[in-house]
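Here my numbering = 1-based position in the sequence shown + 8.
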Amino acid sequence: MLGMILTDLSVCTYTLYVIPGSHACRSAMLMLEHKQVPYRRVDIVTLLHPLVVRLHGFDAGGQTRTAGGRRTLALRLGDRFGTVPALAANGQRISTNHGIARFLDECHPQPPLFPADPEQRAAVEEVERWANATLQMAARRIPGAAVVREPAPFSRSSGDGRLGYLLYKRALTRRLIVPRILRGIFATSPSAEHDPMNELPPMLDRIDAWIADGVLGGAQPNAADFMVAPSLALILYRSDALPLFEGRPALELVDRLLPEPAPDARAARPS
Ligand SMILES: N[C@@H](CCC(=O)N[C@@H](CS)C(=O)NCC(=O)O)C(=O)O
9 MLGMILTDLS VCTYTLYVIP GSHACRSAML MLEHKQVPYR RVDIVTLLHP
59 LVVRLHGFDA GGQTRTAGGR RTLALRLGDR FGTVPALAAN GQRISTNHGI
109 ARFLDECHPQ PPLFPADPEQ RAAVEEVERW ANATLQMAAR RIPGAAVVRE
159 PAPFSRSSGD GRLGYLLYKR ALTRRLIVPR ILRGIFATSP SAEHDPMNEL
209 PPMLDRIDAW IADGVLGGAQ PNAADFMVAP SLALILYRSD ALPLFEGRPA
259 LELVDRLLPE PAPDARAARP S
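1) Closest to G76 by CA distance: which of A217, N230, D203 is it?
2) Mind reading off the beta-carbon distance from S30 to V92? Whole number of angstroms is fine, and I expect it under 8 Å.
3) Under the criterion of a Cβ to heavy atom distance below 6 Å, does V262 qualify as lining ligand 1?
4) Cβ of N230 within 6 Å of any heavy atom in ligand 1?
5) Where does the unbroken alpha helix (DSSP H) through A179 begin, and where does it stop?
6) With distances taken from CA atoms, which of Q128, C115, P209, A109 is nearest L121?
7) Can you give me the C-alpha to C-alpha distance between T80 and P267, rounded to a whole angstrom?
8) Mind reading off the beta-carbon distance from R170 to A241? Whole number of angstroms is fine, and I expect it under 8 Å.
9) One question on the structure: do Q144 and A32 come within less than 7 Å of each other, judged by their Cβ atoms?
10) Taking Cβ to Cβ, would you say A97 is nearer than 7 Å to Y173?
11) From the DSSP output, read off the bridge partner residues of R79.
12) Quick one: Cα of S166 to Cα of P251, how far?
Written as structure tokens, this is what we have:
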């Protein structure tokens, strides 16, 4: 079918629509894997995804996303058409990680994605909300600022990493299209003065505090862990972000849930 690559042809009831390397999509994949629910993954060609998921009966779950304080035309259109991850399950259409987490906990209670205790649950939901509204967009714009400044090196280095290749398999396609996505959709500027990297240390401080409080990084990962870790993994595609992570519990969290692939595993992957 136009715009799609079937990545797993085994027969199963759940189908997850994603785009390659998306941190938001990896959150849903981690939650499905946590539940040990088998699913078929459908990779949609990036930029066709709002239309493709809409044609499959999804929407964007009523989101109103902003980037750099702006609601660009493309974001408004995406919020009108649909977003990924999108989960088709037994005839139901579940849009957004927020919806997917709750659907999974209802249909597959064990292991839970939210604590049973109401106070602890409220704390996890607060972090989940922040990760969805603030961290997920910052995670696009922090590496994005480096991409729009210097597209060529990033198009080469983003061919592999904790989330796999980012958005497009071919480096030339990434070189030509990704900077346009970042500027046009996510309002990312090359200006060093307005580099969103400045927002990273306070965000890492918040995450470290939540880990210290036991809301994140517990023995049993929860929905908020699965929202936070992929965004941190995406930020780490920007090499000068790593020193800001060194020695932090936030780095341990992402290393645990989404480790850096070993160099020999990278070499063995088909290009
Ligand atoms: N925050 C939501 C939405 C995720 C999201 O923004 N997904 C992006 C891909 S990474 C998307 O589908 N964008 C479509 C568009 O902006 O048109 C979630 O976690 O489910």
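Glycine included, C-beta positions come from ideal geometry on N, C-alpha and C.
Keep in mind the model is a prediction, meaning the values are calculated, not measured.
In terms of the structure at hand:
1) Checking every option, the nearest Cα to that of G76 belongs to D203.
2) With 8 Å as the limit, S30 and V92 qualify as a contact, their Cβ atoms being about 6 Å apart.
3) With a threshold of 6 Å, the Cβ atom of V262 does not count as near ligand 1, since no heavy atom of the ligand is closer than that.
4) No, ligand 1 has no heavy atom inside 6 Å of this Cβ.
5) Element bounds for A179: 179-192.
6) It is A109.
7) Rounded to the nearest angstrom, the two C-alpha atoms are 33 Å apart.
8) About 4 Å separates the two Cβ atoms, so the contact holds.
9) At a Cβ-Cβ threshold of 7 Å, Q144 and A32 count as neighbours.
10) The answer is no: Cβ separation not under 7 Å.
11) Partner(s): none; R79 has no beta bridge.
12) The alpha-carbon atoms of S166 and P251 are separated by roughly 19 Å.
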